[in-house]
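*Asks:*
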Amino acid sequence: MKSSITKVFENFSGEYLRLNSATIEQHKVIDSIKVCKTEKLGFNVQACEDCGSIIKHYNSCSNRHCPNCQAINKERWLLAKQNDLLPVKYHHTVFTVPSELRTLFKYSKKLLYDLLFKCAWETIDSFSKNPINRIEAKMGMIAILHTWKQDLDYHPHLHCIIPSGGITVNNKWKSSPTKGDYLFNTEALASTFKGKFSWYLKKYFKDGELHFWDLQEQTQRQYFYHLKETLYAKDWVVHSKKSFRNEQSVFEYLGRYTHKIAISNARIKSVTDKEVSFEYTDRADDYKKKVRTLKGADFIKLFLQHVLPARFMKIRNYGFLSSRNKTNMLEKLHQHFELPEYQKPRSLLVAEILELVHGVKVGVCKQCGGKMHLVESKARPRASPRAA
Numbered sequence: 400m401k402s403s404i405t406k407v408f409e410n411f412s413g414e415y416l417r418l419n420s421a422t423i424e425q426h427k428v429i430d431s432i433k434v435c436k437t438e439k440l441g442f443n444v445q446a447c448e449d450c451g452s453i454i455k456h457y458n459s460c461s462n463r464h465c466p467n468c469q470a471i472n473k474e475r476w477l478l479a480k481q482n483d484l485l486p487v488k489y490h491h492t493v494f495t496v497p498s499e500l501r502t503l504f505k506y507s508k509k510l511l512y513d514l515l516f517k518c519a520w521e522t523i524d525s526f527s528k529n530p531i532n533r534i535e536a537k538m539g540m541i542a543i544l545h546t547w548k549q550d551l552d553y554h555p556h557l558h559c560i561i562p563s564g565g566i567t568v569n570n571k572w573k574s575s576p577t578k579g580d581y582l583f584n585t586e587a588l589a590s591t592f593k594g595k596f597s598w599y600l601k602k603y604f605k606d607g608e609l610h611f612w613d614l615q616e617q618t619q620r621q622y623f624y625h626l627k628e629t630l631y632a633k634d635w636v637v638h639s640k641k642s643f644r645n646e647q648s649v650f651e652y653l654g655r656y657t658h659k660i661a662i663s664n665a666r667i668k669s670v671t672d673k674e675v676s677f678e679y680t681d682r683a684d685d686y687k688k689k690v691r692t693l694k695g696a697d698f699i700k701l702f703l704q705h706v707l708p709a710r711f712m713k714i715r716n717y718g719f720l721s722s723r724n725k726t727n728m729l730e731k732l733h734q735h736f737e738l739p740e741y742q743k744p745r746s747l748l749v750a751e752i753l754e755l756v757h758g759v760k761v762g763v764c765k766q767c768g769g770k771m772h773l774v775e776s777k778a779r780p781r782a783s784p785r786a787a
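To convert, count from 1 in the sequence shown and add 399; that's our numbering.
1) In three-state DSSP terms, what is Arg666?
2) At which residues does the alpha helix (DSSP H) containing Gln619 begin and terminate?
3) Assign Asp685 to buried or exposed, taking buried as 16 or more other Cβ atoms, counted over all protein chains shown, within 10 Å of its Cβ.
4) Span of the beta strand (DSSP E) holding Lys416?
5) Would you say Ile660 and His464 are within 9 Å of each other, going by their C-beta atoms?
6) Can you give the Cα-Cα distance for Lys528 and Phe583, rounded to whole angstroms?
7) Quick check on DSSP: helix, strand or coil for Trp612?
8) Relative to the C-alpha of Ile541, which candidate in Arg710, Asn458 and His491 has its C-alpha closest?
9) Based on DSSP bridge pairs, tell me the residues matched to Trp572.
10) Three-state secondary structure (DSSP) at Ile543?
11) Tell me, please, whether the segment 432-448 touches the segment 718-731 by the rule of three or more beta-carbon pairs shorter than 8 Å.
12) Contact between the segment 506-521 and the segment 610-625 is defined here as three or more beta-carbon pairs at a separation below 8 Å; is this criterion met?
13) Going by DSSP in three states, Val428 sits in which element: helix, strand or coil?
14) Tell me whether the beta-carbon of Gln549 lies closer than 9 Å to the beta-carbon of Thr680.
15) Our contact map puts Cys518 next to Phe596 with C-beta atoms below 8 Å; I'd like the distance itself, whole angstroms only.
16) Please classify Ile560: does DSSP put it in a helix, a strand, or coil?
17) Report yes if the C-beta distance between Thr577 and Phe526 is below 9 Å; otherwise report no.
18) So, do the segment 768-781 and the segment 486-500 have three or more beta carbon pairs nearer to each other than 8 Å?
19) Considering only residues of the same chain and omitting the five flanking positions on each side of Lys601, which have a CB-CB separation below 8 Å?
20) Considering only DSSP beta bridges, list what Lys694 is partnered with.
21) For Gly594, which of Tyr603, Gln615, Thr585 and Tyr631 has the nearest alpha-carbon?
22) Taking all protein chains shown into account, do 16 or more other C-beta atoms lie within 10 angstroms of the C-beta of His757, making it buried, or fewer, making it exposed?
23) Is the distance from the Cβ of Phe516 to the Cβ of Leu478 below 9 Å?
24) Counting C-beta neighbours from all protein chains within 10 Å, is the total for Ala696 16 or more, i.e. buried, or is it exposed?
25) I believe Thr585 touches Val637 by the beta-carbon criterion, under 8 Å. Please report the beta-carbon distance rounded to the nearest angstrom.
26) To the nearest angstrom, how far is the alpha carbon of Leu418 from that of Tyr553?
27) Quick one: give me the first and last residue of the beta strand (DSSP E) that Ile454 is part of.
28) Can you list, in chain order, the residues of its chain whose CB lies under 7 Å from that of Ala536, leaving out five sequence neighbours each side?
29) Starting from Ile714 and walking both ways along the beta strand (DSSP E), at which residues does that stretch end?
30) Helix, strand or coil: which one does DSSP assign to Phe442?
31) Would Asn443 and Lys777 be called neighbours here (beta carbons separated by less than 9 Å)?
32) Could you please give me the residues that DSSP links to Asp681 through a beta bridge?
33) Is it the case that the Cβ atoms of Cys767 and Asp449 are separated by a distance below 9 Å?
What follows is the structure in structure tokens.
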């Protein structure tokens with residue numbers, strides 16, 4: 400049975416491509432989703448030697464933007480992160496950018512997404528070292544990029560999960576003195592973040608690194624000058640959400656959001672020959688559940704604006720959690736908190752993940768516990784069109 404998102408792309412991707420251009424990465428997403436878990440990508444059929452039960456499994460496309468393909472990637476990432484979490488409070492801080500920047504973001508995605516990560520960490524790092532904040536320690540941070548609102552509109556922002564403390568110059572753990580949900584004053588964070596982002600943005604413009612679609616050079620200067628004045632006049636926003644009281648709460652949050660994409664199959668309520676209807680939560684209207692209905696090609700246009708640049712890392716670690724420092728620092732922190740010896744994670748096979756997380760044993764019949772045998776298979780095409 401085809402998923403809702405597969406139906407959408409089968410029905411409307413042709414119309415979308417007649418009306419719009421698409422990047423190479425967007426073409427990959429279109430082509431991958433259309434064939435995900437269908438005969439075109441291959442399958443295998445297994446039968447139980449005892450009860451005769453038969454299961455047919457279709458290959459998935461494995462594209463990171465496909466709603467059908469995130470479960471195993473998410474579980475693999477979470478299992479690798481289990482030993483990274485400490486028995487401390489964690490803060491949840493969200494860095495946003497003014498709506499006036501969204502058009503520029505769309506045309507300079509990699510550059511400005513990278514800048515969003517860079518400025519968020521530089522802001523947190525500078526606050527952690529400032530004596531006025533009474534930490535003066537190297538903190539850590541897990542940052543996750545999201546680019547959407549629930550209604551699929553474009554809204555790049557960064558969710559940052561930050562342990563409440565850090566490593567001192569003497570390699571000792573120092574807890575943050577803050578007692579509530581706020582790690583640092585959010586207005587001060589927003590002001591510093593605004594200053595850093597604006598400084599780099601001016602530098603990128605001066606160096607000719609920003610992309611301005613088809614604007615002429617003179618018009619680009621006028622546009623950027625007006626944008627700069629608008630951004631200076633606005634108050635930027637950094638949110639502080641309710642903190643996580645322990646590592647288990649963080650693990651549950653990361654399980655829900657690390658590999659989340661713009662929309663899930665469950666939220667797509669109907670697909671007709673003309674329209675797509677999907678459910679969303681309107682946070683501006685007391686978190687009411689609403690339904691948005693769009694022409695099929697318009698839905699695809701909204702969906703594809705959230706496709707990330709090739710090989711872009713949307714989850715990043717900083718400070719004592721960065722790859723350069725992590726093993727050494729976490730070994731010491733496990734000793735400090737009297738935790739089991741820190742073990743670097745190994746890469747797990749899909750069969751191992753299914754058994755560890757879901758208790759599913761590959762090759763064992765779900766009906767009677769008998770042994771399953773492969774009776775038919777169709778290999779995945781060697782060169783599936785843009786299915787990377």
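Idealized CB from N, CA, C, for every residue including glycine.
*Replies:* This is what the structure holds:
1) Arg666 falls in the helix class under three-state DSSP.
2) Element bounds for Gln619: Glu616 to Ala632.
3) Exposed, because fewer than 16 other Cβ atoms sit within 10 Å of the Cβ of Asp685.
4) In the sequence under discussion, the amino acid at residue 416 is Leu, which differs from the Lys named in the question. Segment Ser403 to Leu418 is the alpha helix (DSSP H) holding Leu416; no beta strand (DSSP E) there.
5) Yes; because the gap between Cβ atoms is below 9 Å, this pair is in contact.
6) If you take the alpha carbons of Lys528 and Phe583, they lie about 12 Å apart.
7) It is coil, neither helix nor strand.
8) For the residues Arg710, Asn458 and His491, the minimum Cα distance to Ile541 belongs to His491.
9) BP columns for Trp572 point to Ile566.
10) It is a strand residue.
11) Between the segment 432-448 and the segment 718-731 there are fewer than three C-beta pairs closer than 8 Å, too few to call the two in contact.
12) In short, these stretches touch, since the Cβ pair count reaches three.
13) Helix at Val428.
14) Yes, Cβ-Cβ distance for Gln549 and Thr680 is below 9 Å.
15) At roughly 5 Å, the Cβ-Cβ gap stays under 8 Å, so Cys518 and Phe596 are in contact.
16) In the displayed model, Ile560 falls within a strand according to three-state DSSP.
17) Contact flag unset, no.
18) The answer is no - the segment 486-500 does not touch the segment 768-781, with fewer than three Cβ pairs under 8 Å.
19) Only Lys627 meet the Cβ criterion.
20) DSSP output for Lys694 lists Glu674 as bridge partner(s).
21) Among Tyr603, Gln615, Thr585 and Tyr631, the Cα nearest to that of Gly594 belongs to Tyr631.
22) Here His757 is exposed: its Cβ has fewer than 16 other Cβ atoms, across all protein chains shown, within 10 Å.
23) No, these two residues do not count as a Cβ contact at 9 Å.
24) By the C-beta density criterion, Ala696 is buried, having at least 16 other C-beta atoms within 10 angstroms.
25) Confirmed, Cβ separation roughly 5 Å.
26) Cα atoms of Leu418 and Tyr553: separation of roughly 20 Å, rounded to the nearest angstrom.
27) Per DSSP, Ile454 is one residue of the beta strand (DSSP E) stretching across Ile453 to Tyr457.
28) So the list reads Ser527, Gly564, Gly565, Ile566, Thr567 and Lys573, once near-sequence residues are dropped.
29) Run containing Ile714: Ile714 to Gly718, per the beta strand (DSSP E) assignment.
30) If DSSP states are grouped into helix, strand and coil, Phe442 belongs with the strands.
31) Pairing Asn443 with Lys777 gives a Cβ-Cβ distance under 9 Å.
32) Partner(s): Lys687.
33) For Cys767 and Asp449, yes; Cβs fall inside 9 Å.
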